[in-house]
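Q: Residue numbers (the numbering used here), protein chains in the order written: chain A, -14 to 535; chain B, 333 to 481.
Where a beta carbon is used, it is the ideal one built from N, C-alpha and C, also for glycine.
Here the structure is a predicted model, which is why all the values come from computation and not from measurement.
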Ligand code: SF4
Ligand code: SF4
Ligand code: FES
Ligand code: FES
């Protein structure tokens, strides 16, 4: 049922059942929120979104109050503004004043709110003691500084409602309430899958990636050590968008030149690791074609791998054991002819930090990948060195990733694992023209199937995104007679990994996808096997595959 | 304890969560992490959630109680009666804070919201002995005597 409500004396349309906030947002009227997460149910915990009802003068929360016919509201009356101001002042009561040194500064919702509401001094003096001074550094990739927590509960709900993992939750109550893990032992000792979603959920600087930029700088300044950095495709695309560079390959080549100048001996792209990952799986599937039941589960996502290991142990036997592209590159670059001594991986993924310190990803105790930095940290590194794109020159990535194919980049998008492996299967079987954009029409779905014919046999594959979907579809995957199933934890593949630059643009993923799709469309080298270095690599190791399959 | 945990039935109804926690605490004096992990498997509730629920209630303890379990009142009346100084002194004497137990298992400490004897504050109990209008010098002596044992 549709009716009108009055907002700030203007009449606008509303539909029964909607919240006030939804109607306001649709009409471009902004009201601040803190605890609200658009996709999830409202909790009404923070009260910052209050609006005034004209008739009664009552303040109600916009995020959790449904609209009613004839409702008259003010979104920015004196009374509303005063209430919001008091709420923020109260939040600041036990918040530290050290914004200058906080990594989230400039990007913090609490800071923005205090600014917007024109709060210029501490109103409640004497309570400046942080509520809970505890900082959880147990995790290799995530730091939780609880003195900055405002208890909005966003991280808790993301982890519980969106993932069903529930690694963090409110513990204790009243004055002692805090967000913490089971037995307050720290993330590393909980069932956290290190996905980093809570970082993107937190409005303040309470949850952040463990930053290693300073250590990286220190290492590359040591000229006795040969240093290498690997750039993920989604990181390059993200920086292209940030600096307004239209073409993927331009942004990549500017970055390569800039990073050489900053001091890295070699700058490579993750595309090469992706290509080996694709090739290894295509070969494995070609060998077992038709006999793959239950399907091979293919995931380059450390969060999915950890989730399956800890929460679905019965599925672990179907999970491909081939290491993730980042670790494949680590293994190659830290052995054989390569001179690399310090290896840094720049990625859009926070879970890769966790992945790099796993036992099987090291050689005699020395990690294959020494440091993992997020796209945010890489941008910080560029800024520190005064680099902006376009850079003064372009250079191609060093060998062996010199001529990455577009498959090596497309791989990181949603459905990319399936699409690029499929291309390679067709390419290997000779001649047959491969299908492209296989999921194009349904990319917004979390579970997509695709059927194709190769050498007269019909196969089915599926692509799944999101941990909650994985939980729901578990049986379907096992019994669905798929050749393989691609699984990632982030809903748009690595393109919305949790290490990306924070962006308020709702279209950001589409734009990133476009940069990569255009790169793919204009590239004739579009499947892993077309990279001469990949062929050369297998010749050099004198084997059909790098990893034993079973 | 291991035996008890292993003998849990295969599926436990979500609604029986609190009963299960209480039963365990009655037997062992506290709620152990291993038990919460098992309970999580048997009820399907994530362990973080169970801990969150249990820690909401004052009745549950998560540390193995020491030989001498000290309860210190942290209610309003006792608080204004210099509870903080006592806490600091206690920390000096046995080196533990709220909800901790000493490594040798001798002491454990827990703050209690109000022990119902406000007029006589600050109030403390050790096992079942109650101490009222507690002064720092009394506290020193009490702990000293226990240390001797
Ligand atoms: S990293 Fe992911 S699984 Fe871990 S606490 Fe954060 S949201 Fe939950
Ligand atoms: S850690 Fe951040 S997201 Fe979580 S409750 Fe605190 S302020 Fe909110
Ligand atoms: S956003 Fe509405 S109460 Fe927090
Ligand atoms: S406040 Fe201590 S007994 Fe009531």
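Determine, for residue 394 of chain B, whether the minimum Cβ-Cβ distance to residues of chain A falls below 8 Å.
A: Interface residue (Cβ-Cβ distance to chain A less than 8 Å): residue 394 of chain B is classified as such.
Q: What does residue 176 of chain A reach in chain B if we use C-beta pairs closer than 8 Å?
A: 378, 379, 380
Q: When you compare the CB of residue -6 of chain A with every CB in chain B, is at least one pair closer than 8 Å?
A: no
Q: When the Cα atoms are used, what is the spatial distance from residue 315 of chain A to residue 346 of chain A?
A: 8 Å
Q: Spatial neighbours of residue 169 of chain A within its chain, please: CB distance less than 7 Å, with the 5 preceding and 5 following residues excluded, ordered by chain position.
A: Same-chain partners within the cutoff: 156.
Q: Step through the CB atoms of chain A and report whether any lies within less than 8 Å of the CB of residue 391 of chain B.
A: Using a CB distance cut-off of 8 Å, residue 391 of chain B does not count as an interface residue toward chain A.
Q: Report yes or no: do three or more beta-carbon pairs, one from the region 510 to 518 of chain A and one from the region 385 to 393 of chain A, lie closer than 8 Å?
A: yes
Q: Does the count of Cβ pairs from the region 385 to 396 of chain B and the region 412 to 426 of chain B closer than 8 Å reach three?
A: no
Q: Less than 8 Å between the CB atoms is what I'm expecting for residue 355 of chain A and residue 251 of chain A, so what's the real figure, rounded?
A: Actually they are not in contact, since the Cβ atoms of residue 355 of chain A and residue 251 of chain A sit about 14 Å apart, beyond 8 Å.
Q: How many Å lie between residue 186 of chain A and residue 460 of chain A at the Cα?
A: 30 Å
Q: Kindly say whether residue 482 of chain B, judged by its beta-carbon, lies nearer than 8 Å to any beta-carbon of chain A.
A: One cannot answer for residue 482 of chain B here, as it falls past the ends of chain B, which runs 333 to 481.
Q: Going along chain A, which residues have a C-beta under 7 Å from residue 384 of chain B?
A: 154, 155, 156
Q: For residue 348 of chain A, list the residues DSSP reports as bridge partners.
A: Answer by DSSP bridge pairing, in chain order: A:351.
Q: Less than 8 Å between the beta carbons of residue 477 of chain A and residue 379 of chain A, yes or no?
A: no
Q: Residue 368 of chain B CB to nearest chain A CB: under 8 Å?
A: yes
Q: Do the region 318 to 336 of chain A and the region 341 to 353 of chain B touch if we need at least three Cβ pairs shorter than 8 Å?
A: no
Q: Does any residue of chain A bring its CB to less than 8 Å from the CB of residue 365 of chain B?
A: So, interface residue.
Q: In chain order, what residues of the same chain have a beta carbon less than 6 Å from the beta carbon of residue 286 of chain A, not counting five sequence neighbours either side?
A: When the five nearest sequence neighbours on each side are left out, the beta carbons in the same chain lying within less than 6 Å of the beta carbon of residue 286 of chain A are those of 473, 474, in order along the chain.
Q: Any idea if residue 439 of chain B is buried or exposed, counting beta-carbon neighbours within 10 angstroms, 16 or more meaning buried?
A: buried
Q: Along the region 281 to 299 of chain A, where does the CB come closer than 7 Å to a CB of chain B? Name the residues.
A: Taking 7 Å as the Cβ-Cβ cut-off against chain B, none of the residues of the region 281 to 299 of chain A qualify.
Q: So residue 531 of chain A and residue 261 of chain A are supposed to be a Cβ contact under 8 Å. How far apart are they, rounded?
A: 7 Å
Q: Does the Cβ of residue 122 of chain A lie closer than 7 Å to at least one heavy atom of ligand 6?
A: Absence of ligand 6 is noted for the structure shown, with ligand 1, ligand 2, ligand 3 and ligand 4 being the only ligands found.
Q: For residue 179 of chain A, verify whether its CB is less than 7 Å away from any heavy atom of ligand 1.
A: Yes - ligand 1 has a heavy atom lying nearer than 7 Å to the Cβ of residue 179 of chain A.
Q: Sort A:28, A:69, A:407 by Cα distance to residue 37 of chain A and report the nearest one.
A: A:69
Q: What is the rounded straight-line gap between the Cα of residue 148 of chain A and the Cα of residue 171 of chain A?
A: 19 Å
Q: Scan the region 209 to 275 of chain A and note each continuous beta strand (DSSP E) run of 3 residues or more that stays entirely inside, going in chain order.
A: 212 to 216, 251 to 254
Q: Name the two residues that bound the continuous alpha helix (DSSP H) containing residue 330 of chain A.
A: Where residue 330 of chain A is concerned, there is no enclosing alpha helix (DSSP H), although the beta strand (DSSP E) it sits in stretches over 327 to 332.
Q: For residue 420 of chain A, tell me which candidate among A:145, A:404, A:433, A:434 has the shortest Cα-Cα distance.
A: A:404
Q: Taking only the alpha-carbon atoms, compute the straight-line gap between residue 452 of chain B and residue 379 of chain B and give it to the nearest angstrom.
A: 40 Å
Q: For residue 344 of chain A and residue 215 of chain A, what's the separation of their Cα atoms in angstroms?
A: 21 Å
Q: Return the chain-ordered ranges of every beta strand (DSSP E) run that is complete within the region 13 to 87 of chain A and spans a minimum of 3 residues.
A: 35 to 38, 44 to 46, 57 to 59
Q: May I ask you to check if the CB of residue 192 of chain A is nearer than 7 Å to at least one heavy atom of ligand 2?
A: yes
Q: Skipping 5 residues on each side, what residues in its chain have a beta carbon closer than 6 Å to that of residue 146 of chain A?
A: 25
Q: Using a Cβ-Cβ cut-off of less than 8 Å, give me the residues of the region 183 to 194 of chain A that come near chain B, in sequence order.
A: none
Q: Can you tell me whether DSSP reads residue 421 of chain A as helix, strand or coil?
A: coil
Q: With a threshold of 16 other CB atoms inside 10 Å of the CB of residue 333 of chain B, please say whether the residue is buried or exposed.
A: exposed
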